[in-house]
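Chemist: The following block contains the structure, expressed as structure tokens.
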Amino acid sequence: MRYFIGNWKMFGVPKSISILNKINSYYSKDKNRNKYRVIITPPYTLIESYSKYFKNKKILIGAQNCYQKEQFSSNTAAVSSYMLRSVGAKYTLVGHSDNRAEGDTDAMLKDKVRYAIKNNLKVVFCIGENKLEKKNKKTLSVLKRQLAKVLEKKFNRNNIIIAYEPIWSIGTGKIPTAQDLKKTTIHIKKVLKGIFKKNSPAVLYGGSVDGNNVEMFKEIKEIDGFLIGGASKTSKKFIDIIKNYYR
Ligand code: 13P
């Protein structure tokens, strides 16, 4: 199974559902549709209405983050996985570099993953090195540490997907070389096998993915799909990624 996940970040109002409608009609008719899943993570404000709308359709709705406590708490503006599940979310991102930069620690991320799984959300756990770490050839050790600090064997690996998003690639148009990306993805899967003592969960790539460069990514069979930011905000760009992937 391949995954095309659109992360809208701080984008979208109720009428933006027209973008998803177009993606959904492409997806529903695509002859390759059984090979992949489409998940969109709109902002919190749209999760309930979009989940209701797409309830019996192909597209799944997820959240971009969740709070590190189980159900209810006295943390102003916080939203738990329990609350997300109650309004129809099926997935949640955890550990996006935007949120790590705003203070999410490994300990907080571990609780987020734990409670998300407990509340029946599938977790898309994001990891990635920054520019300096890449320059200093620390990529593989950074990724290993990010995985080992948060994931545990007892977490149900069927509910976990990993998204490798190099920070220097997000929103910059810069992407890793095919050779580097293949090596990195194999490394991530090896680390995951070590943690879970079973086959690795799916590993996605994210960072400046578009309809053109997806041709290069599809050659790397170890990559199980994509986490797409900018190009998920217009139906044409998002559909082009899927089209060109299966071309
Ligand atoms: P871009 O596709 O805009 O580079 O964003 C990637 C990302 O951060 C998705 O979570």
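With the working numbering, you'll find the sequence shown wraps up at 259, consecutive numbering, no jumps.
Ideal placement from N, C-alpha and C gives every residue a C-beta, glycine not left out.
None of these values were measured; they are calculated from a predicted model.
1) Kindly indicate which residue of Q158, M13, W20, R14 has the alpha-carbon position closest to the one of F247.
2) Considering only the beta carbon of each residue, do S244 and I52 sit closer than 8 Å?
3) Go ahead and pull the three-state DSSP assignment for K134.
4) Give the secondary structure of N168 by DSSP, where H, G and I count as helix, E and B as strand, and everything else as coil.
5) Would I71 and I59 be called neighbours here (beta carbons separated by less than 8 Å)?
6) When DSSP labels each residue in this structure, what does Y48 get in the three-state scheme?
7) With 16 as the cutoff for other CB atoms within 10 Å, does F84 come out buried or exposed?
8) Ignore the nearest five residues each way along the sequence and tell me which others in W180's own chain have a CB closer than 7 Å to its CB.
9) If contacts are defined as beta-carbon pairs under 8 Å, then S92 and K102 qualify, I think. What distance do you get, rounded to the angstrom?
10) Decide if N77 is buried, meaning its Cβ has at least 16 other Cβ atoms within 10 Å, or exposed.
11) Return the Cβ separation of Y15 and G237 in integer angstroms, given the expectation that the two are a contact with Cβ distance under 8 Å.
12) Less than 8 Å between the C-beta atoms of C138 and V106, yes or no?
13) What three-state label does DSSP hand N111 in the structure shown?
14) Have a look at M13 and K255 and give me their C-alpha separation to the nearest angstrom.
15) Using three-state DSSP, classify Y62 as helix, strand or coil.
16) Nearest CA to the CA of K27: which residue from K130, K166, Y62, E164?
17) Does the beta carbon of S247 fall short of 7 Å from some heavy atom of ligand 3?
18) Let's see if you can read the secondary structure: which residues bound the alpha helix (DSSP H) around L204?
19) Can you name the start and end residues of the beta strand (DSSP E) that A75 belongs to?
20) Apart from the five residues just before and just after I129, which ones in its own chain have a Cβ nearer than 7 Å to its Cβ?
21) Does any heavy atom of ligand 1 sit closer than 7 Å to the C-beta of G242?
22) Note down, in chain order, each residue of its chain lying with its Cβ closer than 7 Å to the Cβ of R49, except the 5 sequence neighbours on either side.
Modeler: Let me lay it out:
1) Position 235 of the sequence shown holds residue 247. Residue 247 is actually Ser in this sequence, not Phe. The residue with the shortest Cα to Cα distance from S247 is W20.
2) If you number the sequence shown from 1, residue 244 lands on position 232. If you number the sequence shown from 1, residue 52 lands on position 40. Yes, these two residues count as a Cβ contact at 8 Å.
3) Walking along the sequence shown from the start, residue 134 turns up at place 122. Correct three-state label for K134: strand.
4) Here residue 168 refers to the residue found at position 156 of the sequence shown. Judged by DSSP in its simplified three-state form, N168 adopts coil rather than helix or strand.
5) Along the sequence shown, one-based indexing puts residue 71 at 59. Along the sequence shown, one-based indexing puts residue 59 at 47. No, Cβ-Cβ distance for I71 and I59 is not below 8 Å.
6) Numbered from its first residue, the sequence shown carries residue 48 at position 36. Strand, per DSSP.
7) Taking the sequence shown and counting its residues from 1, the one referred to as residue 84 is at position 72. Using a 10 angstroms sphere on the CB of F84, the tally of other CB atoms stays under 16, which defines it as exposed.
8) For the purposes of this step, residue 180 is taken as residue 168 along the sequence shown, with counting starting at 1. Taken in chain order, the residues that qualify are N142, K143, K146, K186.
9) As a position in the sequence shown, residue 92 is number 80, starting the count at 1. As a position in the sequence shown, residue 102 is number 90, starting the count at 1. Actually they are not in contact, since the Cβ atoms of S92 and K102 sit about 15 Å apart, beyond 8 Å.
10) Taking the sequence shown and counting its residues from 1, the one referred to as residue 77 is at position 65. Buried, by the Cβ-count rule.
11) If you number the sequence shown from 1, residue 15 lands on position 3. If you number the sequence shown from 1, residue 237 lands on position 225. 3 Å between Cβ atoms; contact.
12) Taking the sequence shown and counting its residues from 1, the one referred to as residue 138 is at position 126. Taking the sequence shown and counting its residues from 1, the one referred to as residue 106 is at position 94. The answer is yes: Cβ separation under 8 Å.
13) Stepping through the sequence shown from its first residue, residue 111 is reached at position 99. DSSP places N111 in helix when its eight states are reduced to three.
14) Translated into the one-based positions of the sequence shown, residue 13 becomes position 1. Translated into the one-based positions of the sequence shown, residue 255 becomes position 243. Going from the Cα of M13 to the Cα of K255 covers about 16 Å.
15) One-based indexing of the sequence shown puts residue 62 at position 50. It is helical.
16) Counted from its first residue, the sequence shown places residue 27 at position 15. When each option's Cα is compared against that of K27, the closest is Y62.
17) As presented, the structure is devoid of ligand 3, carrying ligand 1 as its sole ligands.
18) Residue mapping note: residue 204 aligns to position 192 of the sequence shown, counting from 1. Note, L204: alpha helix (DSSP H), 190 to 208.
19) Position 63 of the sequence shown, counting from 1, holds the residue named residue 75. Where A75 is concerned, the enclosing beta strand (DSSP E) stretches over 72 to 75.
20) In the sequence shown, residue 129 corresponds to position 117, counting from 1. Same-chain partners within the cutoff: V135, F167, N168, N171.
21) Numbered from 1 along the sequence shown, position 230 holds the residue referred to as residue 242. Yes, the Cβ of G242 comes within 7 Å of a heavy atom of ligand 1.
22) Position 37 of the sequence shown, counted from the start, is the residue given in the question as residue 49. Annotation for R49: M13, Y15, L72 place their beta carbon closer than 7 Å to its own, counting only its chain and skipping 5 residues before and after.
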